[in-house]
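The structure under discussion appears below in the form of structure tokens.
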Amino acid sequence: MLESKKFVYLIAFGLEKRLLLGVSKNIKEVFGFEVRTSHVETIPNFGYEPSRGQYRADALLEYISRLYYPDMLKLVALFPFDLYHEGFNFVFGVAPLGGSHALVSTYRLYDGDERLYFERVCKEVNHELGHTFGLPHCKRQGCVMNFSNSLWEVDRKTRFLCERCKDVISTRFS
Ligand SMILES: [Zn+2]
Ligand SMILES: [Zn+2]
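When you line the sequence shown up against my numbering, it's residues 12 to 185, in that order.
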């Protein structure tokens, strides 16, 4: 094995623990890595833009990037408020390609259906996590690496990686 025991860390700011456990099971299932979860009550106040009522995704990501654990492979943070990024009215999440940290907002994913909400959170987490593993956007039908900037586009894809994207991860990281 290339790596000694490494974990994907899933940190949730102010979200229900039940969601955290479900998403962590999903990560294990889709990526094959063990997951450590952590629940943080306090919402970080980095990158908040009062004029927009939104958080600047890159500023918050920078804050989150200070979180580091010795046995950490990647870290995904779940955030309950709305994020935006230069050129976009909002983003569901951000992650630098091949980086170690990803940020996902649950804010726009809930519209009354709990099951759908859970599916969407899993999809956005898997998508951003995929970027940290070096996966670019993928156009194959159903692949979680399809680009999405609307709920319609989120619902159209699955929470799974297509065979090609899965191969990239298993050759690079196992
Ligand atoms: Zn993307
Ligand atoms: Zn793909």
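Beta carbons: idealized from backbone N, C-alpha and C, even for Gly.
Hey, which residues come within less than 6 Å of ligand 2, measuring from Cβ to any heavy atom, in chain order? Taking each Cβ in turn, the ones that pass are Cys149, Arg151, Cys154, Met156, Leu172, Cys173, Arg175 and Cys176.
Say yes only if the C-beta of His142 is nearer than 7 Å to one or more non-hydrogen atoms of ligand 1, and no if none qualify. Correct: His142 has its Cβ closer than 7 Å to ligand 1.
Using 10 angstroms around the beta-carbon of Ile180, count the other beta-carbons present and answer buried if the total reaches 16, otherwise exposed. Note on Ile180: 16 or more other CB atoms within 10 angstroms of its CB, so buried under the neighbour-count rule.
Tell me, which residues are paired with Val87 by DSSP? DSSP output for Val87 lists Leu21 and Ala113 as bridge partner(s).
Any heavy atom of ligand 1 inside 7 Å of the beta-carbon of His112? When distances are taken from the beta-carbon of His112 to the heavy atoms of ligand 1, even the shortest one reaches 7 Å or more.
By Cβ distance, which residues of its chain are closer than 7 Å to Cys133, with the 5 residues on each side in sequence left out? Cβ within range, chain order: Val34, Asn37 and Arg170.
Please name the residue, chosen from Gly104, Phe99, Pro61 and Asn100, that lies closest to Ile75 on a Cα-to-Cα basis. Ile75 has its Cα closest to that of Gly104, out of Gly104, Phe99, Pro61 and Asn100.
Contact the segment 121 to 128 vs the segment 87 to 94: 3+ CB pairs below 8 Å: Contact between the segment 121 to 128 and the segment 87 to 94 is absent: fewer than three C-beta pairs spanning the two stretches fall below 8 Å.
Contacting residues, own chain, Cβ-Cβ under 7 Å from Ala70 (five flanking each side not counted): Listed in chain order, the non-local C-beta contacts of Ala70 below 7 Å within the same chain comprise Phe57 and Gly58, local neighbours out to five positions each way being set aside.
Which residue spans inside the segment 101 to 176 form an unbroken alpha helix (DSSP H) run of at least 4? Runs of the alpha helix (DSSP H) lying entirely within the segment 101 to 176, each at least 4 residues long, are 125 to 143 and 162 to 167 in chain order.
Helix, strand or coil: how does DSSP classify Arg77 here? DSSP places Arg77 in the coil class of the three-state scheme, outside both helix and strand.
Which residues in the same chain have their Cβ closer than 8 Å to the Cβ of Gly64, if we skip the five residues on either side of it in sequence? Within the same chain, Gly64 has close Cβ partners Asp93.
Could you please give the first and the last residue of the uninterrupted alpha helix (DSSP H) stretch that includes Arg29? For Arg29, the uninterrupted alpha helix (DSSP H) segment begins and ends at Lys28 to Phe42.
Could you pull out every residue in the same chain whose Cβ sits closer than 8 Å to the Cβ of Leu78, ignoring the five residues on either side in sequence? In its chain, beyond the 5 residues on either side, Tyr20, Ile22, Leu86, Ala88 and His112 have a beta carbon closer than 8 Å to the beta carbon of Leu78.
His138 burial status per 10 Å Cβ neighbour count (16 or more: buried): His138 should be labelled buried.
Rounded to whole angstroms, how far is the Cβ of Val41 from the Cβ of Leu172, which I believe are closer than 8 Å? For Val41 against Leu172, the beta-carbon gap comes to about 6 Å, under 8 Å, which counts as contact.
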